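Per the working numbering: the sequence shown = residues 230 to 284. The beta-carbon is built from N, C-alpha and C at its ideal position, and this holds for glycine as well. Quantities reported herein were computed from a predicted structural model and do not represent experimental measurements. Working notes, beginning with the structure itself.
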Amino acid sequence: MQDPEPTKPGDEATPGAPGTGENLCRHCQGTGLLNAQPCPECRGTGTITSGIGGG
């Protein structure tokens, strides 16, 4: 069994939780960088986990 993915400061939910998915980080616009440094919100990945759906 794989260990769950660690959460990042910008995550709105735990990765893999039902009703969630990957989304671009709003702080770095998906680049993973801010001021030539890894983005602190997405930890340099360019993505965060957020809720999807909504109906």
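{"Asked": "For Ile277, count neighbouring C-beta atoms within 10 Å of its own C-beta (all shown protein chains included) and say buried if the count is 16 or more, exposed if not.", "Found": "buried"}
{"Asked": "May I ask which residues mark the beginning and end of the beta strand (DSSP E) holding Asn252?", "Found": "Thr249 to Leu253"}
{"Asked": "Tell me whether Thr236 sits in a helix, a strand or coil according to DSSP, three-state version.", "Found": "coil"}
{"Asked": "On the DSSP bridge assignment, give the partners of Gln266 in chain order.", "Found": "Leu263"}
{"Asked": "Do Gly280 and Glu211 have their beta-carbon atoms positioned less than 7 Å apart in this structure?", "Found": "Since the first and last residues shown for the chain are 230 and 284, residue 211 lies out of range."}
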